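Structure record follows, encoded as structure tokens.
Protein chains: 2
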Amino acid sequence: MPPAALWRTLRAHQVYGANTDVGKTIVSTLLCKALQPQGPVSFLKPVSTGPLDEADDRHIQRYAPHTRTQCLYQFDEPVSPHIAAHQPSQRTTSVPSVPSDRQLLDAIHQTLTSWAHPHQPAHALVETAGGVHSPGPNGTSQADLYRPLRLPIILIADARLGGISASIAAYESLQLRGYDVHSVLLFRDDYYQNHGYLHAYFAKKAIPLVAVPPPPPRPDPTDPDAARRDVEAMRRYYEHTVREGRLGSVVEALERKHVERWERLEAMAEKAHAMIWYPFTQHRGVAAQDINVIDSACGDYFQSYQRDTLEVREAASASASASALRATFDGSASWWTQGLGHGNPDLALSAAYAAGRYGHVMFPGNIHEPALALAETLLQSQGNPRLQRVFYTDNGSTGMEVAVKMGLRAACARYGWDASTEPIRILGLKGSYHGDTIGVMDCSEPSTYNKKVEWYRGRGHWFDFPQVSMKEGKWTISMPETALGAELQYGSLSEVFDLEARLHSEAGRRYRAYIHQTIQRLVQQEGVKFGALIMEPIILGAGGMLFCDPLFQRCLADVVRQHPELFGEQIAPQPSSPTGETEGNRDWSGLPIIFDEVFTGLYRLGRRSAASFLQVHPDISVHAKLLTGGLVPLCTTLASEEIFRAFLSAEKSDALLHGHSYTAHAVGCQVAVDSLQTMMRMDHEGSWQEYQNDWTIPTPTTETSVWSVWSHGLVRDLSHAASVEGVFALGTVLSIALKDQQGGGYTSTAAQGLQQRLAAGSEQFAVHSRVLGNVLYLMSSLTSQPGSLRGIEEVLRGELL
Amino acid sequence: MPPAALWRTLRAHQVYGANTDVGKTIVSTLLCKALQPQGPVSFLKPVSTGPLDEADDRHIQRYAPHTRTQCLYQFDEPVSPHIAAHQPSQRTTSVPSVPSDRQLLDAIHQTLTSWAHPHQPAHALVETAGGVHSPGPNGTSQADLYRPLRLPIILIADARLGGISASIAAYESLQLRGYDVHSVLLFRDDYYQNHGYLHAYFAKKAIPLVAVPPPPPRPDPTDPDAARRDVEAMRRYYEHTVREGRLGSVVEALERKHVERWERLEAMAEKAHAMIWYPFTQHRGVAAQDINVIDSACGDYFQSYQRDTLEVREAASASASASALRATFDGSASWWTQGLGHGNPDLALSAAYAAGRYGHVMFPGNIHEPALALAETLLQSQGNPRLQRVFYTDNGSTGMEVAVKMGLRAACARYGWDASTEPIRILGLKGSYHGDTIGVMDCSEPSTYNKKVEWYRGRGHWFDFPQVSMKEGKWTISMPETALGAELQYGSLSEVFDLEARLHSEAGRRYRAYIHQTIQRLVQQEGVKFGALIMEPIILGAGGMLFCDPLFQRCLADVVRQHPELFGEQIAPQPSSPTGETEGNRDWSGLPIIFDEVFTGLYRLGRRSAASFLQVHPDISVHAKLLTGGLVPLCTTLASEEIFRAFLSAEKSDALLHGHSYTAHAVGCQVAVDSLQTMMRMDHEGSWQEYQNDWTIPTPTTETSVWSVWSHGLVRDLSHAASVEGVFALGTVLSIALKDQQGGGYTSTAAQGLQQRLAAGSEQFAVHSRVLGNVLYLMSSLTSQPGSLRGIEEVLRGELL
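Residue numbers (my numbering), protein chains in the order written: chain A, 1 to 801; chain B, 1 to 801.
This is how it looks when you write it as structure tokens:
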């Protein structure tokens, strides 16, 4: 991924046409001439099709002679590049074969960088071929192909009949991809008057539009002197148009927008420092220069502004290549939300479609297609016959508040407890985290995250638990309590997940006994009333990327379901199947079981549901983050029909009285449907086969197959590193626990050095990561490219091995 | 607003061209011929430009002779309709002048309705002019102009050079407006091969594409027999192409999609009933047919599916006009979120731009333009120099959780309280509501909304307060306590808001004394510790649209700020200015004051801030709902620098440990910036002058001007109605309290009858409203049209007077 295109001195713009044949090259020629008084002007045609003597760079050379021109790839046929590039007569000027999209981007970036003088202002125009969506050599729409560079755009509008429509549609397609259009030009046509309409249209968007005189008509081709006459007429046209100052306001606007963009980028960190109150941030000690200015993002990469520090200035003096933006790998998957790449145009269009079709539809009493389609898709995706109802909220925290309200109500109703007079608690794991609202903070044990919140009152019991990580080449399960037995070791992660075998092991027996005894003591001796079992299956995220032994979580669910007598006086079903339901009976037993899959669900760990690793069907399941593929907040709380029925009564006030204004907002639901279906299709099509092959040890039990996008070899090698305490990878998650003399935990600073070194990166490339105490983790999206990930693995190896 | 276009038997499609001159009419002719075996086919050209003998409907008549054709408006000049319509030679076939957009829509809807047989399947094609964005007669882009009908679309793609780009861009512009494209057709061109590329492109979107043979070339115009030859060649072309079955798959696809759409609309309510757990809904007693199926929304109107009940069937038998969709006024502004109209294409594009530029950027440590721009815009908009910091969350409830965490921390720090050992409470008003998460539920007194939530524990003291409404033509302030004096009456709402005058009145004196005594008693006698004052300024929304006497809220803020000695031992500033700050000192005094403007802020009540009515500058202010103009969830908690400083320390754990995954998501921030700037521009441009004139009694104190989109005359007249207890309107809100023998309140059913009658509506038009106990309210957006609102007022008058 090259950095996006921005240099302090070079004013580079990309010229897009609203359609083919709208006069892009003529307008570019005018611009080259008009810009020349400002400094050197260069013209780059990345891909050109058609006979060489008509090529656009030749035209520029002829009529704007002081312009430096370059064409990277030239194809003979005057057709779209994706066809021309594969014609037998194809010929390229600089490399022998059709370039990949990445090669094309790199070549453009290198060329522009070579044109960026360290100090002298200069201009460059990068001209596209055809219209905005005309395909590049490999068939990618140019608007998508060139998006990683995100050059500011000069749009050449269409002056012909139909040109208003073509121009606005082209503009919308560019907007949809996050481009900024800095200027619009078109030929003046007094009959169709498109310039008048479009001027008013773009004025509302603060985009200047200039209508230039149309070029002279082509001379009669039967005239033997036509070629010479044409050249003379064009030369006069260019001279006259520029001399008359027809492009003065464009030149001024381009300069102004370039300067404004710079000034803004320079000022943003200071302004944010003065104005923004950041989440989970101790502001004391945070300086303005600690704040990263993100100019845009694409795929797995942020484009971060490189502040013009003294070092940067010196680097710029030393070489012309210092770019003002740097590609930074989004190694936290933007707080675990990112799934299908930043700036994904399909999701942008999904969002826009729902916005255009509905806006927002208030939800109670109404149904709309995106909300229903998402409910259907999600319920189907989970493969859990218990889950039959979908409740929508806005984020994991509110979805968990709903889950807790559901669980507590069901338990109190069954056991006849009056929650207004006696405290009802939840059963969970230490290190759990379910969100930042006070109600769900109460579901976690007192910790750094919550204990200073004035209204926090932890309401539960939390088990310490055995943790999995690779140490010195072995998958190791470390026990927190002697009652749970000695440390276990396995040769593969698949064995750790082979619950069928492990349930009957000594460890399984010890786990169940310990859990049973603990609950019995709390309930019978201490009189605690429990209303729900809450777990983050497999990995407890915010608590520190704690990889819980899946056998322990399975045993916890089994004990709760198989021993309802522990919790209250009732006659309850005693399910015998592993997932907890028997034929026709999906009622909860013991306690409602809530799985918080906000982080771990929906392919984050490589599977549609994290519950499937445990082969437990929860009664309530909460999903968010990846749900919308990394675009907008949305959360679903799925529940069984039996939980739902606990709220049915003749009283309105017995209903689940929860519901945010934007409940089931159409934009979020539509994006979620499209994200989920995309991920399910990738799964079905075997998009991750290469990763799976790397991790799979041939075994007949494919059900328990576990894999990661991070290579098995990296995990093994890191587990031997001197500074590494343990490491694991699962799905898109890589977690590295560093040794800490002070004992680790959230306040540890052991991982900060590594984090800072990754962030410092190289001149053009860095890695954003997050730490949780002594743990540094990296998280990819589901569309991350192996090449990209292996590059980051090399960086890690360089740092740690 | 006509209903959107859907009939059971009539398959109506709109034909859009990717550009002008792509062969729309030729393809339409092919389609008319190909569809004729399925039943009657009609062709509608709403607006045609160019010489009459070339008109598209004439072409259809000639080559697909059994087609019924109609052109509504014909203009001579072969230019865009917005120019042709204003040429001197313009002539129309059916009405004498240029139609308004609304007239055009009505005419199309009427024509199609007249073509809808009660039982016999039929087809209609509605052909547009030029490309998707070609302007209609009044300059509106066709894609916007025809959007209220939301006909399914047949897109004619462009087979020429550049046509791939034009076709995809046109498709994206249609998607952006929430249209469904049911089929794509284009001419086959084996040189450019656009059909191959586009086939693959649209296949990914499950949209069938058919390439039809290109029409024969036009004969040489010098041939005297050219016209006859052309007609013959075209006739052969049409016959041959249809006979060969080239359109068979399109005909099949159109039929299949029509049937699928119907089946889906028929099934959605049942499916939702089985699968969705609705917010704030007691599901017992809710039947599937109670659920409204919203097919789309546009402006102020939902398009609701009219279930095919027996009555509808009978209506359909009786007349051909029964449409399957009905326009329903969104009278709750979709739970108070709607501000700029459903399906607003500008906001859809804003959302798409941010999605395309960023996706989501994890927020801690980073800044991006939409988040910064929104912070700047919001702080500036509030005109409150205290507010200097912006904290982002996802909805009003989470934003209020943050506000409470802020306020409690600041108070505990100043007064030296240990909140882990002693309960800290908040001071508020009865009937307040701040959201559904448990922490902010605790900020409201026990009520129907919260008392059955298992973990709810009300933590506060809540004042009963004087309420404003118009009764029998007088603005009346009803007192809840004898200590507050007798009922007050005013001639105008402006007088109620004239706080400068009222502060020194007997009422002001009584209010202050009562508040002071109450707090003194609670703190000194009962030992209560208060951590914050929380108010919804002016109107308490969810609590029942309670209009609080602004003087009471003002006095509450004044007493808290002027008597810090009431709350704890400290030396605190004694502000003397009305807004509470003195030169250079913006520190809080007494208690941090939190304004929950989630509902009342950002022009909901006609002003940028609800606080401005009280002339109180809160220390913390929360905004959501209208913030994003009715599109996606987003919330901001604004705070003073002094509140911010209470969290600064050397300890990370002293930070405000709150932050959802999608904090400051770019899509929401961008939409909010554009919404807010749009509303501020409307304000600046005097867009609501007509409404303001209706309410203004000439007075020099424009500061206290109050107005509503609902007419003053309606409020006055309703206040005299026999069944009405009181009524008020402010900004976009109209609230009607109905008399209830049982005393009113949330469980009252007094307003349900009125609600049901409004919902029943007429055949083509209904009003969705919400009730809170005995109160029925209506809420418009800020772009609602006076004509539309007056129509609804007529319905109300009919029901209540």
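Note that beta-carbon positions come from the ideal geometry of N, C-alpha and C, so glycine has one too. Computed from a predicted model, the values in this text were never measured in an experiment.
- Under DSSP, Leu772(B) forms a beta bridge with Val775(B).
- Per DSSP, reduced to three states, the secondary structure at Lys474(A) is strand.
- Per DSSP, Ile736(B) is one residue of the beta strand (DSSP E) stretching across 733-738.
- Residue environment analysis places Leu801(B) among the exposed positions, since fewer than 16 neighbouring C-beta atoms fall within 10 angstroms of its C-beta.
- When secondary structure is reduced to three states using DSSP, Gly531(A) falls in the strand class.
- Its chain contains Pro2 as the residues whose beta carbon lies nearer than 6 Å to that of His109(A), once the 5 sequence neighbours on both sides are disregarded; these appear in chain order.
- For Tyr511(A), no CB of chain B lies under 8 Å from its own CB, so it is not counted at the interface with that chain.
- Collapsing the DSSP output to three states places Phe391(B) in a strand.
- C-alpha of Glu487(B) to C-alpha of Ser469(B): approximately 11 Å in a straight line.
- Taken through DSSP and simplified to helix, strand or coil, Gln338(A) comes out as coil.
- Interface annotation for the region 375-391 of chain A against chain B: Ala375, Glu376, Leu379, Gln388, Arg389, Val390, Phe391, criterion Cβ-Cβ distance under 9 Å.
- Contact note: Cys412(B) reaches chain A through Glu454, using a C-beta cutoff of 8 Å and chain order.
- Within 8 Å of the CB of Trp588(B), no CB atom of chain A is found; the nearest one sits about 16 Å away.
- Separation of Phe547(B) and Ala750(B) (C-alpha to C-alpha, rounded to the nearest whole angstrom) is 19 Å.
- In this structure, the beta-carbon distance from Pro550(B) to Ile538(B) falls below 8 Å.
- Within the same chain, Cβ atoms closer than 8 Å to the Cβ of Tyr197(B) are found at Ile164, the five residues on either side in sequence being excluded.
- Short of 6 Å from the beta carbon of Leu347(A), and not among the five residues preceding or following it, lie these beta carbons of its own chain, in chain order: Gly629, Leu631, Val671.
- Assigned with DSSP and collapsed to three states, Gly130(A) falls in strand.
- With a 10 Å radius around the Cβ and a threshold of 16 neighbouring Cβ atoms, Val775(A) comes out buried.
- Between Pro618(B) and Ala624(B) a beta carbon distance of about 15 Å is seen, past the 8 Å cut, so the two are scored as non-contacting.
- One alpha carbon belongs to His658(A), the other to Ser784(B), and they sit about 29 Å apart.
- Spatial neighbours of Gly396(B) in its own chain (CB-CB distance under 6 Å, excluding positions within 5 residues in sequence) are listed in chain order as Gly435, Val598, Ala624, Cys635.
- No Cβ-Cβ contact shorter than 8 Å links Val724(A) with Ser735(A).
- Residues of the region 133-150 of chain B that bring their beta carbon within less than 9 Å of a beta carbon in chain A comprise His133, Ser134, Pro135, Gly139, Ser141, Gln142, Ala143, Arg147, Arg150, in sequence order.
- In this chain, the alpha helix (DSSP H) harbouring Pro786(A) covers 786-800.
- Its chain contains Asp101, Gly136 as the residues whose beta carbon lies nearer than 6 Å to that of Leu145(B), once the 5 sequence neighbours on both sides are disregarded; these appear in chain order.
- In summary, Glu127(B) is buried, with 16 or more beta-carbon neighbours lying within 10 Å of its beta-carbon over all protein chains present.
- Counting only the Cα atoms, Leu340(B) lies some 30 Å from Ala322(B).
- For the 8 Å CB-CB criterion, Val293(A) and Tyr305(A) form a contact.
- A check of alpha carbon separations from Asp300(A) across Val622(A), Gly359(A), Glu794(A), Ala766(A) identifies Ala766(A) as the nearest.
- Contact note: Phe302(A) reaches chain B through Val361, Asn366, using a C-beta cutoff of 8 Å and chain order.
- Within 10 angstroms of the beta-carbon of Thr482(B) lie fewer than 16 other beta-carbons, which makes it exposed.
- One finds Leu161, Gly162 in chain B with Cβ atoms closer than 7 Å to the Cβ of Thr20(A), taken in chain order.
- Against chain B, a Cβ distance below 7 Å from Trp336(A) picks out Ser661.
- Closer than 8 Å to the CB of Asp76(B) there is not a single CB belonging to chain A.
- With distances taken between CA atoms, Leu522(B) lies nearest to Ile426(B) out of Pro213(B), Arg58(B), Ile153(B), Ile426(B).
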